[in-house]
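Peer 1: Take a look at the following structure, please.
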Amino acid sequence: MRVLENLEPKKVFEFFEDLTRIPHDSGNEKEISDYLVKFAKERNLEVIQDKALNVIIKKPATKGYENIPGVIIQGHMDMVCEKLKHSNHDFEKDPLKLRIVDDEFVYATDTTLGADDGIAVAYGLAILDSNVIEHPAIEFVVTTEEETVMGGANELDTSGLKGKVLLNIDAEEEGVFILGCAGGILVYPEIKIEFEDFNGESLQLEVAGLKGGHSGMEIHKQRGNANKLMGRLLYTLGKEVNFNIATINGGSKSNAIPRSCKTIISVRKEEIEKVKEICANLEKDFKNEYKVEDSDIHIIVKSDEKLEKQLTKKVTDSLIRFLFVVPDGIQSMSKEIDGLVESSLNVGIVETLEDRIKFIIDIRSAVRSKTHEIVNRIEALCDAVGAAMDQNGEYPEWQYEPKSRIKDLSVKTYNNLFGIEPQITALHAGLESGIFKEKLPSDVEIISFGPDIFDVHTANEHFSIESVGRFYKFLTQLLKNMK
Ligand SMILES: [Zn+2]
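As numbered in UniProt numbering, residues 1 to 483 make up the sequence shown, in order.
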């Protein structure tokens, strides 16, 4: 019994339901990749499967479109696998349990649905399967491991691709067309630790109660960064109190704005009251400064067990200066798209290891030279405080280009069909499109869009049946209009 069999467009939902029966966590794409190869072979379509399990299926132009430049339709085959705590769903082998709610939405019971990006795959297969849709030559490119490291896109050999337009179907809001994304890099400053015996009273300081959020998509909210606020607290304290840091730890992920940061300091007994007073005053300032986005912010000061070792004064000072001065948050705004962050960074993690204090900083920008400028600024600061710095994980941006034929054609097509003017925007986060922009010839135009999908990457993920249908109508009309 198929759950989606009465939904229209029939083929789209049929293929989508097929996909939900095949496990396809990132890194576990063999079976779904083989399914795509089999699909192509059954229809005598040219197909390539590479080592990374990416699949490219090619279909010739339909009659009258032979002389039009080809189109690349692109999505990713892997999905984020999240489930509710009580669920015993096994993503390695169980099919998802689809259900239709209120005739309006499709969910998977207790798990992610994989509409991100199974819907793109279903659209592509439905188009390839059809013999009535008119279109230029199609190269359908389905990548692997998008949700983790963009491994598929990184590995993909694009030299055989001939299309002059790339339609990336991996956006989650219908009527919003994406025409750019950020690139980025991770940097890892490190301060070598020198220890001495712990020689004071032990106090634990914590900046807590912050909301955090995604360091790309939510950086514009200008929420507090617990690590940075700890830097400010320690610097302020250092003006009036003599203390040493023993340990400092804050943040959980490089791409999450840290919600709390804890430090243990060693301080003379007579100065404990002073520390408490300074922290109370700072808490008032923080509450005032962040009253809109982070009203629950607070500073906790409490006695702790004495430790064996503390950082020397020199290391304590280097650490405080670094954390206080290192840039964080929005660095520049786009001058082309209102309200879009162009460059930012997130001091995501500070961690005390056996022999060093390690920071992880996530830098993003839509302009590569600005990414590098921020890296250099952190490097200069490292030099000034005697820290070292490593970097890795660089990924390319897709810089917004206001002149775009595919944008104009997409807007016109959508508007003619539905009488609605789509919104044009760019994302302050990395997309596979950035990698394609870098790999493909510079005259290839890219646009990213998709139907309404909600609560993506959570067990509540669901899509709008109507929007999936509407977007398919738009997509097929767009192909037709390419002539
Ligand atoms: Zn996706």
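Positions of the beta carbon are idealized from the N, C-alpha and C atoms, including for glycine. Quick caveat, the model's predicted, so the values are computed rather than measured.
Are the CB atoms of residue 191 and residue 325 nearer to each other than 8 angstroms?
Peer 2: Contact flag unset, no.
Peer 1: Any heavy atom of ligand 1 inside 7 angstroms of the beta-carbon of residue 146?
Peer 2: Checking every heavy atom of ligand 1 against the Cβ of residue 146, one is found closer than 7 angstroms.
Peer 1: Mapping the DSSP letters down to three states, classify residue 182 as helix, strand or coil.
Peer 2: Correct three-state label for residue 182: coil.
Peer 1: For residue 132, count the other beta carbons within 10 Å of its own beta carbon; 16 or more makes it buried, fewer makes it exposed. Which is it?
Peer 2: That one is exposed.
Peer 1: Under the three-state reduction of DSSP, which class applies to residue 448: helix, strand or coil?
Peer 2: Residue state, collapsed to three classes: strand.
Peer 1: State the Cα-Cα distance for the pair residue 277 and residue 121, rounded to the nearest angstrom.
Peer 2: About 59 angstroms.
Peer 1: Compare the beta carbon distance of residue 393 and residue 183 with 8 angstroms and say whether it is the shorter of the two.
Peer 2: Cβ atoms of residue 393 and residue 183: not closer than 8 angstroms.
Peer 1: With DSSP run on the structure shown, which of helix, strand or coil describes residue 472?
Peer 2: Three-state DSSP puts residue 472 in a helix.
Peer 1: Could you tell me which residues DSSP pairs with residue 352 in its beta bridges?
Peer 2: Beta-bridge pairing links residue 352 to 357.
Peer 1: Any chance the segment 197-205 sits against the segment 253-266, with 3 or more Cβ pairs inside 8 angstroms?
Peer 2: The answer is yes - the segment 253-266 touches the segment 197-205, with three or more Cβ pairs under 8 angstroms.
Peer 1: Does residue 227 come out as helix, strand or coil in the three-state DSSP assignment?
Peer 2: In the structure shown, residue 227 sits in a helix (DSSP, three-state: H, G or I).
Peer 1: Going by CA-CA distance only, name the one from 449, 93 and 462 that's closest to residue 123.
Peer 2: Answer by Cα proximity: 449.
Peer 1: Just curious, the alpha helix (DSSP H) that residue 279 is in, first and last residue?
Peer 2: Here the alpha helix (DSSP H) through residue 279 covers 272-289.
Peer 1: With distances taken between CB atoms, is the gap from residue 166 to residue 440 smaller than 8 angstroms?
Peer 2: Cβ atoms of residue 166 and residue 440: closer than 8 angstroms.
Peer 1: Please determine, among 2, 214 and 71, the residue with the shortest C-alpha to C-alpha distance to residue 444.
Peer 2: Ranking the options by Cα distance to residue 444, first place goes to 71.
Peer 1: Could you tell me the boundaries of the alpha helix (DSSP H) in which residue 303 lies?
Peer 2: Taken as a continuous stretch (DSSP letters only), residue 303 belongs to no alpha helix (DSSP H), being part of the beta strand (DSSP E) at 298-303.
Peer 1: Could you spell out where the beta strand (DSSP E) holding residue 202 opens and where it closes?
Peer 2: Residues 201-208.
Peer 1: What would DSSP say about residue 433, mapped onto helix, strand or coil?
Peer 2: DSSP places residue 433 in helix when its eight states are reduced to three.
Peer 1: Does the distance from the C-beta atom of residue 112 to that of residue 79 stay below 8 angstroms?
Peer 2: Closer than 8 angstroms, so yes.
Peer 1: My output table needs one value for residue 520: the three-state DSSP class, helix, strand or coil.
Peer 2: Residue numbering for the chain in the displayed model covers 1 to 483; residue 520 lies beyond these limits and cannot be assessed.
Peer 1: Using DSSP's beta-bridge definition, name the partner residues of residue 99.
Peer 2: 107, per the DSSP bridge assignment.
Peer 1: Taking only the alpha-carbon atoms, compute the straight-line gap between residue 244 and residue 149 and give it to the nearest angstrom.
Peer 2: Roughly 39 angstroms between the two C-alpha positions.
Peer 1: What span of residues does the alpha helix (DSSP H) with residue 143 cover, start to end?
Peer 2: Taken as a continuous stretch (DSSP letters only), residue 143 belongs to no alpha helix (DSSP H), being part of the beta strand (DSSP E) at 138-143.
Peer 1: Give every residue of the same chain whose Cβ lies closer than 7 angstroms to the Cβ of residue 8, excluding the five residues on either side of it in the sequence, and list them in chain order.
Peer 2: If we look at residue 8 and ignore the five residues flanking it on each side, its Cβ neighbours are 469.
Peer 1: Go through the segment 395-429 residue by residue and report every complete run of the alpha helix (DSSP H) that reaches 4 residues or more, in order.
Peer 2: Listed in chain order, the complete alpha helix (DSSP H) runs (minimum 4 residues) inside the segment 395-429 are 405-418.
Peer 1: Between residue 116 and ligand 1, is the CB less than 7 angstroms from at least one heavy atom?
Peer 2: The answer is yes for residue 116.
Peer 1: What residue range is occupied by the uninterrupted beta strand (DSSP E) comprising residue 57?
Peer 2: That run of the beta strand (DSSP E) goes 55-59.
Peer 1: Quick one: what's got a C-beta closer than 6 angstroms to residue 411's C-beta in the same chain, skipping five residues either side?
Peer 2: Within the same chain, residue 411 has close Cβ partners 422.
Peer 1: Please classify residue 210: is it buried, with 16 or more other beta-carbons within 10 angstroms of its beta-carbon, or exposed?
Peer 2: Buried: at least 16 other Cβ atoms inside 10 Å.
Peer 1: Going by beta carbon distance, what residues of the same chain come within less than 7 angstroms of residue 157, once the five residues before and after it are set aside?
Peer 2: For residue 157, where only same-chain residues beyond five positions count, the Cβ hits under 7 angstroms are 50.
Peer 1: Considering just the uninterrupted stretch of the beta strand (DSSP E) at residue 46, what are its terminal residues?
Peer 2: Counting along the chain, the beta strand (DSSP E) containing residue 46 begins and ends at 46-49.
Peer 1: Going by other Cβ atoms of all chains shown within 10 Å of its Cβ, with 16 needed for buried, is residue 307 buried or exposed?
Peer 2: The residue is exposed, with fewer than 16 neighbouring Cβ atoms inside 10 Å.
Peer 1: Less than 7 angstroms between the CB of residue 294 and some heavy atom of ligand 1, yes or no?
Peer 2: Checking every heavy atom of ligand 1 against the Cβ of residue 294, none is found closer than 7 angstroms.
Peer 1: Three Cβ pairs or more, each shorter than 8 angstroms: is that satisfied between the segment 395-402 and the segment 221-235?
Peer 2: No: fewer than three Cβ pairs fall under 8 angstroms.
Peer 1: Look at the Cβ atom of residue 61, then the Cβ atom of residue 126, and state whether they are nearer than 8 angstroms.
Peer 2: No. Outside cutoff.
Peer 1: With a threshold of 7 angstroms (Cβ to nearest heavy atom), would residue 462 be considered close to ligand 1?
Peer 2: It does not: the Cβ of residue 462 is nowhere closer than 7 angstroms to a heavy atom of ligand 1.
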